[in-house]
Structure formats: structure tokens, C-alpha cells
Amino acid sequence: MSSDTPFIPLSVPHLGGNEWAYIKDCLDTGWVSSVGSYVTRFETALAQAAGTPYAVACNSGTAALHISLLVAGVRPGDEVLVSSMTFIAPVNAIRYANAVPVLVDSEAAHWQMDVEQVRRFLEEGCERRDGGLFNRATGRRVAAVIPVHILGHPVDMTALMPLAERHGLTVIEDATESLGSTLHGRAAGGIGHLGCYSFNGNKIITTGGGGMIVTAREDWARRARHLTTQAKADAEEYIHDEVGYNYRLTNIQAALGCAQMESLPAYVARRRQIQALYQSGLATVPGLRFQGEAPGVVSNCWLTTVRVDATAFGMDARSLRARLKAERIEARPLWQPAHLSPAHQDAVHLPCPVAEDLYQNCLSLPSSSSASDADIQRVVAAVKSAAAA
0 MSSDTPFIPL
10 SVPHLGGNEW
20 AYIKDCLDTG
30 WVSSVGSYVT
40 RFETALAQAA
50 GTPYAVACNS
60 GTAALHISLL
70 VAGVRPGDEV
80 LVSSMTFIAP
90 VNAIRYANAV
100 PVLVDSEAAH
110 WQMDVEQVRR
120 FLEEGCERRD
130 GGLFNRATGR
140 RVAAVIPVHI
150 LGHPVDMTAL
160 MPLAERHGLT
170 VIEDATESLG
180 STLHGRAAGG
190 IGHLGCYSFN
200 GNKIITTGGG
210 GMIVTAREDW
220 ARRARHLTTQ
230 AKADAEEYIH
240 DEVGYNYRLT
250 NIQAALGCAQ
260 MESLPAYVAR
270 RRQIQALYQS
280 GLATVPGLRF
290 QGEAPGVVSN
300 CWLTTVRVDA
310 TAFGMDARSL
320 RARLKAERIE
330 ARPLWQPAHL
340 SPAHQDAVHL
350 PCPVAEDLYQ
360 NCLSLPSSSS
370 ASDADIQRVV
380 AAVKSAAAA
């Protein structure tokens, strides 16, 4: 493939609205740091999108997850259930809180946290006694669960929420990939007790880097804001009443986010169109299965992903990735499941055969909302060519 052939990236920022105007306003007024009207405006926009009364801006989705764990009262030595098939951030955040991840498998239909496995763990592997719910095998308190809505598709929160509440667990949604997705009309991120979003450069909207905590509880929002601003009890006298964190988003980043939020509905619609183009274009290719949508789900289709059956397709997912790379098309396998990560070998993990299968066999295809129909058709043609090879 010639170096003159345009490169098709996996997922890049889509900038074309009021980004320049809002950032220029920050520069013209000098409001460039971690306070300013755009921070407040961005928080309001995210609270409205999530359907929650409160939102607290952070400098990353990982920071949002870390602070949410602290706000929820997760203590050192507690256990927190989390999807094993995820980008590593929520698992790391549990470690930041000096807690222990309990890594949960995915369900096979839509690749999200296996809520039935969570139920069996809580009802068969745990017991209630003074102080909460405890893992019989380890003796540690089970404090929270982090369902990760991978690739934009929500976890079955309809089943998870009553299960968690019955056992006294706080639910912290990792909605870092699912801004704009809904489950039975409710926004992903706004269903749990706390929700976390990410605005990294590859997400559906971006602030360059950033995150947001949303919640219905005013006391949790107030404490999150306190912890993300170095826990200042008295800003004028520089008195800090506990260990805090420098986790605030800048006004410039928030200005970018405000402009991006104005385009969110269009970005979601376009990514859904892109997935539909892939599904129709590859419908006759054997050995490919898309994630699809569960009943009641409207996904933002952040990254269109296929599971490749190597026997039926004619090559495995990584070989297909290499073929696409040679055509200057970026594709990506899913993340190494956390229970296989060298960094988390001392975590508790439940059997995770589905997560391992997804890791070996799935490939995410270019899904930028700025991608043209011609770009997608080129990817489709390259996949078809690989299948015929």
C-alpha cells in the first residue's frame, strides 16, 4: 500500500463547532486554570445529560473513578467487583483506594459484565454479618461494584441495581465509553449511585483529557469537589483538613468540552450510522459477529467491534489487524482482561472464559464520527478482501 494512501484512524477528535471561539474567550479573559465559567457550564451540561442534579469535573476519567470510590466510603482492604474485560483504569483506581479488585467475567451476548455471575458470587460466596457483606473465602468486606459499559453498550443495570442494593453495595458506573448511550431511556452513567465519564482524545467527545463524576447525592458531590481541589478547608489560609488531590479540570479544557457537548447528539447519530454501514457492508462475510444491542439499549456505538471466528473467516483477529494495518487502516484488539494482567495477579478473580475469548477474537474497527462513508467503505472492502484471501 502506497504511503500516499490516506490513513484511517480508529477514533480521533471531531472538532468543528465552537471550540475555537470558547477557547479564545478563555485566553482573552485570562480564565485558563481550574476555575471559570466554562467549568460550571460543562458540569451543568453533563449533569443534564446524565439526568442527575450534580456533576463534578475532574482531570481524567481515572481520577473520577478514584474519587468516586473514596466518596462511596470504600476503605483499605475492601473488595470491589469490576469487569475483567475493560481498559485497566477502573481496576487501577480500586488499587489507588487501597482496595482489592474482584474481577468478573463478561456475558456472551453483548460482552458486558456478567450480572448473573455477580449474583452467584454475592449470594453463594458472601455472607452478611456486623459491618456489611463479607467474602467467605477472603474474610474481606465487599463494598462496591463498578460495571464498565464497554464500547458504549450499557451493562444490564436493570438487573444489577436491585441486586447491589439488596446487598448494600454502592454502584459506581464506569461510563467512560458510553456518554450518549441509554438503557430504557435512562442515560448510562446516571443510573448507578455514582457515574464517571472520560473525555480523552479518543472518546465520543473530548477535552483533550478530562473526566466527570455525576451523582444524585449533594453530600457526595460536595465531598468529591473538596477532594479534587486538594481538600482545602480554608483557601485563604491554606488549611487542608485531609489528604486531597489535584484533580480539577481547567477552564480551557471545559470550554472545549462545552463546544463538544453541543455536537454530542450528532456524534452519537454518526457513530450509529457507521456501525450500520459496517453491519450492512459485512453482512455476507462469514465468521464475523457484531456486538449488537440488548433490548432497551441505544448505544453510542463508540467503537464498532467484531468478533472474528478464525475458522469461518479464514484468519484470526490479529492476522486481520495486520492485513488492515498494511492497508493503512487502524484496528485494535480489545484490552487484555485484568485477571491476566501482570499488574493485577494478586486480585481476586472469578472464572472469566468469555473475557478471554473476547480478548483473543475481537477487533475494533475505525469509528471516528468524522469518518466519511468512503472511509468506511474502504474498511469494508479491506475486510472482505482479507476474508477472500
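Using numbering that gives the first Met the number 0, read the sequence shown as starting at 0 and increasing by one per residue.
Using N, Cα and C, we set each Cβ at its ideal position, and we do this for glycine too.
Only counting the same chain, and skipping five residues up and downstream in sequence, which positions put a Cβ closer than 6 Å to that of residue i?
i, result
"L178", "Y196, I203"
"E241", "A230"
"E106", "D113"
"T39", "none"
"A386", "V284, F312, G313"
Let me check one thing: in DSSP terms, what residues is residue i bridge-paired to?
i, result
"F394", "Since the displayed the chain opens at 0 and closes at 388, residue 394 lies outside it and no answer follows."
"D218", "According to DSSP, which records beta bridges pairwise, D218 is partnered with nothing at all."
"H239", "K231"
"I212", "V55, C195"
"I328", "I7"
"S363", "T304, R331"
"M112", "S105"
"N245", "T228"
Can you tell me which of the three DSSP states residue i falls into?
i, result
"K231", "strand"
"N201", "coil"
"N91", "helix"
"Y196", "strand"
"H348", "strand"
"V79", "strand"
"C125", "strand"
"R185", "strand"
"V154", "coil"
"I149", "helix"
"P12", "coil"
"L102", "strand"
"V297", "strand"
"R224", "helix"
"G207", "strand"
"Q140", "In the sequence as presented, Gln is not what sits at residue 140; that position holds Arg. The answer is strand: DSSP assigns R140 an E or B state."
"S33", "coil"
"G280", "helix"
"T310", "helix"
"R119", "helix"
"E176", "coil"
"S267", "A small fix is needed here, since residue 267 is Val in this sequence, not Ser. DSSP places V267 in helix when its eight states are reduced to three."
"P165", "A quick correction: the sequence has Arg, not Pro, at residue 165. Here R165 sits in helix by DSSP."
"I390", "Given a span of 0 to 388 for the chain in the structure shown, any question on residue 390 remains unanswerable."
"A275", "helix"
"M160", "helix"
What first and last residue would you give for the alpha helix (DSSP H) that runs through residue i?
i, result
"A325", "316-325"
"P352", "352-360"
"A253", "250-261"
"G131", "Not the alpha helix (DSSP H): G131 falls in the beta strand (DSSP E), residues 131-134."
"A342", "A342 -> no alpha helix (DSSP H), and no H or E assigned at all."
"D27", "18-28"
"F41", "36-49"
"I66", "60-70"
What residue does the beta strand (DSSP E) around residue i start on, and which one ends it?
i, result
"E172", "169-173"
"V378", "Note, V378: premise wrong, no beta strand (DSSP E); alpha helix (DSSP H) at 372-387."
Got a sec? Which residues, its chain only, sit under 8 Å from residue i by beta carbon, not counting five neighbours each side?
i, result
"A46", "P52, Y53, A54, V213"
"E292", "H109, H152, S298"
"I7", "R327, I328, E329, P365, A370, D374, R377, V378"
How about residue i and residue j: are their beta carbons less than 8 Å apart?
i, j, result
"V307", "L323", "no"
"V144", "V90", "no"
"G209", "S369", "no"
"V154", "A163", "no"
"E42", "L255", "no"
"P146", "L159", "yes"
"G130", "R139", "no"
"H65", "A96", "yes"
"L9", "P365", "yes"
"M211", "A316", "no"
"S33", "R247", "yes"
"S67", "L193", "yes"
"E176", "H148", "yes"
"G280", "F312", "no"
"H166", "L102", "no"
"T206", "A253", "yes"
"R185", "G50", "yes"
"I251", "I22", "yes"
"Q290", "L150", "yes"
"P336", "S83", "yes"
Going along the chain, which residues of its own chain have a beta-carbon closer than 7 Å to the beta-carbon of residue i, five neighbours each way excluded?
i, result
"Q274", "C300, T303"
"H239", "Q229, A230, K231, A232"
Is residue i close to chain C, meaning its C-beta is less than 8 Å from at least one C-beta of that chain?
i, result
"T175", "This model lacks chain C altogether, as it is built from one protein chain only."
Is residue i near the ligand SAM, in the sense that its beta carbon is under 7 Å from a heavy atom of that ligand?
i, result
"T214", "By its list of ligands, the structure shown contains no ligand whatsoever, and the ligand SAM lies outside what it can speak to."
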